[in-house]
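Notes follow the structure.
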């Protein structure tokens, strides 16, 4: 576990979500504009039966009214609106909007190679108070948290960090 100061430094890092659009994502981009009356998402990522629309935080609540209509059009895919935040901690919270997050901690992932310990990455541990919230965050058979981890590994870039970020969900007892 890191000191509070070190955690604050990492959580306040700037992040960017970058991905080149595929043909399907370009179609979804135009579809989103059509359904929302001319608004365009900042980014779209389709991954493992999830469609992530990254939306400018200024328009998030205005556009979130349209999510039910868009979800009805995609029966086999889970559609999510994510606030495209610039800070790591805010982006993390936007991936879990329907849950109560009690606490967030950072741990270093270390590996032992050739008798030497080396830093392998950053593990962000999100704590929930109920099994229900933790279950929502993990998803059925772990699909959602695995998809979020894959998304962070492949498309989320943290300023001045070369280590991968992994997210885990745990239960905290009071």
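Numbering (my numbering), first residue to last: 9 to 182. Ideal placement from N, C-alpha and C gives every residue a C-beta, glycine not left out. Since the model is a prediction, treat every value here as computed from it, not as a measurement.
Below 8 Å, enough C-beta pairs join the stretch 40 to 48 and the stretch 66 to 82 to call them touching: three or more. Here DSSP, grouped into helix, strand and coil, assigns residue 98 to helix. In terms of Cα proximity to residue 52, the closest of 69, 26, 117, 168 is 26. A Cβ-Cβ separation of about 6 Å places residue 92 in contact with residue 63 under the 8 Å criterion.
For residue 152, the number of other beta carbons within 10 angstroms of its own is at least 16, and it is reported as buried. In this structure, 89 is the residue among 89, 98, 131, 96 with its C-alpha nearest to the C-alpha of residue 48. Boundaries of the beta strand (DSSP E) harbouring residue 178: 173 to 179, taken from the DSSP string.
DSSP places residue 38 in no beta strand (DSSP E) but in the uninterrupted alpha helix (DSSP H) bounded by 31 to 44.
A direct Cα-to-Cα measurement between residue 129 and residue 164 gives close to 14 Å. One thing to note: residue 135 has its Cβ no nearer than 9 Å to the Cβ of residue 106. Excluding the 5 residues flanking it on each side, residue 110 has same chain C-beta neighbours closer than 7 Å at 135, 136, 137, 180, in chain order. In the displayed model, residue 61 falls within a strand according to three-state DSSP. For residue 91, no alpha helix (DSSP H) run applies; the uninterrupted beta strand (DSSP E) run containing it begins and ends at 86 to 91, by DSSP.
When the beta-carbon positions are compared, residue 146 and residue 173 stay at least 9 Å from each other.
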